[in-house]
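Structure first, commentary second.
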Amino acid sequence: MMHNYLLFRIAERLLGVKLQGAIEILPWRRSRPVPLSYSYIEGVMEYRGAIYPVFHLAQVLGLSRTGPIGFTAPAPGGDDLRKGQSIILLEEGGKPFGITVDSVVKMARFEDPKDPPSEIKGIDMKLVKGIQFDDDQEITLLNFERLFHAG
Numbered sequence: 003m004m005h006n007y008l009l010f011r012i013a014e015r016l017l018g019v020k021l022q023g024a025i026e027i028l029p030w031r032r033s034r035p036v037p038l039s040y041s042y043i044e045g046v047m048e049y050r051g052a053i054y055p056v057f058h059l060a061q062v063l064g065l066s067r068t069g070p071i072g073f074t075a076p077a078p079g080g081d082d083l084r085k086g087q088s089i090i091l092l093e094e095g096g097k098p099f100g101i102t103v104d105s106v107v108k109m110a111r112f113e114d115p116k117d118p119p120s121e122i123k124g125i126d127m128k129l130v131k132g133i134q135f136d137d138d139q140e141i142t143l144l145n146f147e148r149l150f151h152a153g
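Count along the sequence shown from 1, then add 2; that gives the number in my numbering.
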């Protein structure tokens, strides 16, 4: 069955999520921190009367960003590093949440993958639904059902 997917980049990877679960795409802004929460939870934000936990998706998936080689001076103000990033507000199984992404790329239409791959180099497989290709680019399709379940 064909579905529309929202494609975005994190740490130079092209990822996608079903568009039907997308609520809004917002420019990155600081979330309200949650004391004693997991390190991959950036915080919570209120949007149109609903509270959204915001997940640092790169950390959840085990993706790392390439950084400069050698010693560099710290950037003035940590929020400068977030310039150009977005928060995508989603809903999965009736649960609203947000994810941070480096950039939103486009929408694309794909056939749902039949079976998830056994392994993708450099990425934690717990949220991977499958792989598709568009313009010779590999796109990792995600499924967030397992995000809220322990294990």
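Glycine residues also receive a C-beta, built at the ideal position from the N, C-alpha and C atoms.
- Item | Where the beta strand (DSSP E) through residue 16 begins and ends | Where residue 16 is concerned, the enclosing beta strand (DSSP E) stretches over 15-20.
- For residue 23, three-class secondary structure by DSSP: Collapsing the DSSP output to three states places residue 23 in a helix.
- Give the straight-line distance between the Cα atoms of residue 31 and residue 56, rounded to the nearest whole angstrom. Taking the straight line from one Cα to the other gives about 11 angstroms.
- Message: Rounded to whole angstroms, what is the Cα-Cα separation between residue 7 and residue 124?
- Response: Rounded to the nearest whole angstrom, the CA to CA distance from residue 7 to residue 124 is 22 angstroms.
- Residues near residue 63 in its chain [Cβ-Cβ closer than 7 angstroms; skip 5 each side]: Same-chain partners within the cutoff: 125, 126, 129.
- Hey, how far is the Cα of residue 115 from the Cα of residue 135? Answer to the nearest angstrom: the Cα atoms are 11 angstroms apart.
- Query: residue 90 and residue 27: beta carbons closer than 8 angstroms?
  - Reply: In this structure, residue 27 lies closer than 8 angstroms to residue 90 by Cβ.
- Message: Excluding the 5 residues flanking residue 58 on each side, which residues of the same chain have their C-beta closer than 6 angstroms to its C-beta?
- Response: Result list for residue 58: 42, 44, 102, in chain order.
- Cα-Cα separation, residue 96 to residue 146: Going from the Cα of residue 96 to the Cα of residue 146 covers about 12 angstroms.
- Query: Within this structure, are the beta carbons of residue 29 and residue 88 separated by less than 8 angstroms?
  - Reply: Yes. Within cutoff.
- residue 20: which of 109, 12, 33, 118 sits nearest, CA to CA? Of 109, 12, 33, 118, the residue nearest in Cα terms is 109.
- Message: Quick check on residue 36: does DSSP put it in helix, strand or coil?
- Response: Coil.
- Where the alpha helix (DSSP H) containing residue 63 begins and where it ends: That run of the alpha helix (DSSP H) goes 59-63.
- List the endpoints of the continuous beta strand (DSSP E) containing residue 111. 105-113 is the span of the beta strand (DSSP E), which, as asked, contains residue 111.
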